[in-house]
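Single-structure report; data block below.
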Amino acid sequence: MCAFRKPIAVCLYLYIVISACFSFTLALSKTWIQDNNWETTRNWNLQRLPCAGDVVKIDLVNGDIFLNSTTTIKELAFQEESSIVLGNSAEVVFIEEHSDSNTCKGGEISFTGSGSSDWFDPNNWQTVPKLNEIGLYSQQLPCEYDVVTFPQDSSYNVKISKNVTVANVFINGKKHSEHEFQQYITSHTGIQQIQLNKTASFHITGKECADISGCVCDNGKYEDYICSFVTCPKLKCDQPVKPFAGCCSICGNLLLLNFSAGFNKASMEKQIQKYLKEFPEVIFTSTKYEEQRIQIILWDVSTSEQPKTFHAARSIRENLLADESMHIIAIEILPKKSSGSAAESKSTSVGTVTIGLIAAGAFVFVLVVLFIFILFKRKHSRGVNATNTEGETHNVENPGYLEEGVNPLYIADLEMDTFGFTNALAVGETSIDEDTGGKENPLYEPAKPAGD
């Protein structure tokens, strides 16, 4: 059909779309957004671009500034090792005076740059397509299976101080292998843009995520360093919760999910979107933070109140567990708002089994300690045991001798059982001729009949 009725470009487009539909590749593209571009307003100390009457000072040291348009200024002063890279058709025009003082009053303006240049600063990255990342800062950075893109027609400065592994890297629209990347960062242009610490390594594997259940991001080992670039906001909710790979707690709910073979993360996310139609103010994201473990993060975009997200979390849990095609074993909701268990499953959940085993073990331990205590108590509270020459053991009571610790006011004639308790119903070797008369309390003499 394409060969006769559609142009080749359309055929290629259809091929890409169809391939994407049937592909299990789950890689994301992380784009570096911090730049040293002349046209970026935040790079100037006055938060505006220079105009015709301005004296421009470049305070950026050891960096290139990219100019992609024509600009008119009065003067320009550089720091050492700084330069301006001109794009196609870009130019700098100098004039002594300008007639339009209403649009540009003139003055001194400085190019200072903006933000950090550290690879591990999550504010320097943007995910494409943009996702609801909800403060999952370590996942805002490129992960092992992600594609890294440095934009075209842009100047930037990236400092890499720790080991990095990614799937692919694009610089100025060109895909670089690991060898090509190493060559680039040692070139004149590359040195200005990317500085790799001598103690750090940079690996490009070419392997994107092909697991339908998702892939775990390996940035967790740098979580403390990543979070040092983050300032957490003050929260108003009573029970904030901190997601895995998150530097800050949020007002919302987490669903921690265990799954079995056949689980498809993309299919689950489509189902969640359907369930959340009843909760239009609640949005979500999901990440795989351990093997066989997924976290679903919910928060309210309108008020950030937990009650709405908790009701949405309960609805999602009930629907996902009821759908056998999801291959979900158990789901736990955090924080636990209800008095009952927050973990439910179609069978016994992993968390419930673990708690049951711990409780059973504790119970057995208490019984063992109690048994040892009773035996120890019995050993020190009973009479001396003796063994006759024939090997038969008998209880030998010595009325004239009382062991230390025995209360002389209360001496029972009853035999003790194995655990040291009296056995009033035991019938054994006790002689029928034994005096069974009652014992008298030596502190109280028996009452005498009147007249004696």
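So for the sequence shown, the working numbering puts the first residue at 4; every next one is plus one.
Just so you know, even glycine gets a beta-carbon here, dropped at the ideal spot from N, CA and C.
Look up residue i in the DSSP assignment and say whether it is helix, strand or coil.
i       : result
Phe-184 : helix
Ala-389 : Note on Ala-389: pLDDT 42, under 50, position unreliable in the model; no value is reported.
Glu-1   : A question about residue 1 goes unanswered here, because the residues of the chain that appear run from 4 up to 455.
Ser-1   : Residue 1 is absent from the structure shown; the chain starts at 4 and stops at 455.
Ala-316 : helix
Lys-311 : helix
Ser-328 : helix
Val-58  : strand
Leu-79  : strand
Ala-365 : helix
Leu-373 : helix
Leu-31  : coil
Leu-323 : helix
Leu-63  : coil
Leu-301 : strand
Leu-378 : helix
Glu-335 : strand
Tyr-413 : Its pLDDT being 46, under 50, Tyr-413 is placed unreliably by the model, and nothing is read from it.
Leaving out five residues before and five after residue i in sequence, what residues of the same chain have Cβ atoms less than 6 Å from its Cβ?
i       : result
Thr-34  : Gln-129, Val-131, Thr-152
Ile-87  : Ile-68, Leu-70
Leu-373 : none
Phe-266 : Ser-216, His-330
Lys-268 : Ser-216, Gly-217
Asp-121 : Lys-162
Leu-337 : Val-244, Leu-257
Trp-41  : Ile-68, Leu-70
Glu-78  : Val-58
Short check: CB of residue i to CB of residue j, under 9 Å?
i       : j       : result
Ala-333 : Leu-257 : no
Gln-186 : Asn-160 : no
Val-150 : Asn-171 : yes
Phe-287 : Ile-297 : no
Phe-123 : Phe-205 : no
Cys-220 : Ser-141 : yes
Asp-62  : Phe-97  : no
Phe-173 : His-182 : no
Val-64  : Gln-82  : yes
Gly-66  : Gly-116 : yes
Ser-263 : Ser-328 : no
Gly-458 : Ala-55  : Look at the range of the chain in this structure, 4 to 455, and you will see that residue 458 is not part of it.
Val-59  : Ile-36  : no
Sort the options by Cα distance to residue i and report the nearest one.
i       : options                            : result
Gln-143 : Thr-290, Ile-299, Lys-60           : Thr-290
Thr-312 : Lys-339, Asp-326, Leu-324, Glu-294 : Lys-339
Asn-166 : Val-371, Glu-147, Lys-273          : Glu-147
Gln-276 : Ile-215, Glu-111, Asn-322          : Asn-322
Asp-475 : Gln-82, Gln-295, Asp-57            : The structure shown does not extend to residue 475, since the chain is modelled only from 4 through 455, so no value can be given for it.
Cys-250 : Ser-85, Ser-263, Cys-235           : Cys-235
Asn-175 : Pro-154, Thr-168, Phe-184          : Pro-154
Asp-38  : Ile-197, Glu-281, His-101          : Ile-197
Ile-112 : Phe-282, Asp-326, Leu-52           : Leu-52
Glu-272 : Pro-145, Asp-227, Ile-319          : Ile-319
Asp-241 : Phe-368, Cys-230, Cys-254          : Cys-254
Thr-208 : Phe-376, Phe-184, Thr-106, Glu-42  : Phe-184
Pro-145 : Val-371, Ser-32, Cys-107           : Ser-32
Asn-46  : Ile-375, Asn-105, Ser-158, Val-369 : Ser-158
Residues in its own chain within less than 7 Å of residue i by CB, not counting five upstream and five downstream?
i       : result
Ala-93  : Leu-70, Asn-71, Ser-72, Thr-73
Ser-252 : Leu-238, Pro-243, Val-244, Lys-245
Leu-279 : Val-285, Phe-287, Ala-315
Ser-342 : Because the pLDDT of Ser-342 is 36, which lies under 50, any placement of that residue in the model is unreliable, and the number read from its coordinates should be weighed accordingly. Excluding residues within five positions, none has a Cβ falling inside 7 Å.
Asn-48  : Ile-112, Ser-113, Thr-115
For chain D, is any of its Cβ atoms less than 9 Å away from the one on residue i?
i      : result
Leu-63 : The chain inventory of the structure shown lacks chain D, comprising one protein chain alone.
Spatial neighbours of residue i within its chain, please: C-beta separation below 8 Å, excluding the five flanking residues on both sides.
i       : result
Lys-224 : none
Leu-199 : Ile-163, Ile-188, Phe-205
Gly-457 : The question about residue 457 has no answer here: the residues shown for the chain are numbered 4 through 455.
Gln-274 : Asn-322, Leu-323, Asp-326, Met-329
Ala-248 : Leu-139, Tyr-140, Ser-141, Gln-142, Cys-220, Asn-222, Gly-223, Glu-226, Thr-290, Tyr-292
Ala-203 : Ile-163, Ser-164, Lys-165, Asn-166, Val-167
Ile-137 : Pro-246, Gly-249, Ile-253, Gly-255, Thr-288, Ile-300, Trp-302
Cys-107 : Cys-54, Ala-55, Gly-56, Asp-57, His-101
Lys-85  : As written in the sequence, residue 85 is Ser, which differs from the Lys given in the question. So the qualifying residues of the chain are Ile-61, Leu-63, Val-64, Asn-65, Gly-66, Asp-67, Ile-68.
Ser-305 : Glu-284
Glu-395 : Bear in mind that the predicted position of Glu-395 carries a pLDDT of just 44, short of 50, making it unreliable; the figure below should be weighed with that in mind. If we look at Glu-395 and ignore the five residues flanking it on each side, it has no Cβ neighbours.
Verify the contact flag: residue i, CB atom, against every heavy atom of the ligand ADP, threshold strictly below 8 Å.
i       : result
Val-167 : This structure lacks the ligand ADP, and indeed carries no ligand of any kind.
3-residue-minimum beta strand (DSSP E) runs that sit fully inside the segment 147–209, ordered along the chain
Runs of the beta strand (DSSP E) inside the segment 147–209: 150–153, 161–163, 167–169, 171–174, 177–179, 197–199, 205–207.
Which whole runs of the alpha helix (DSSP H) in the segment 216–296 are 4 residues long or more, in chain order?
Entirely contained in the segment 216–296, the alpha helix (DSSP H) runs reaching 4 residues are, in chain order, 226–230, 268–278.
Just to confirm the assignment: which complete alpha helix (DSSP H) runs, minimum length 4, are found wholly within the segment 83–145?
Given a length threshold of 4 residues, each whole run of the alpha helix (DSSP H) inside the segment 83–145 is given here in chain order: 140–143.
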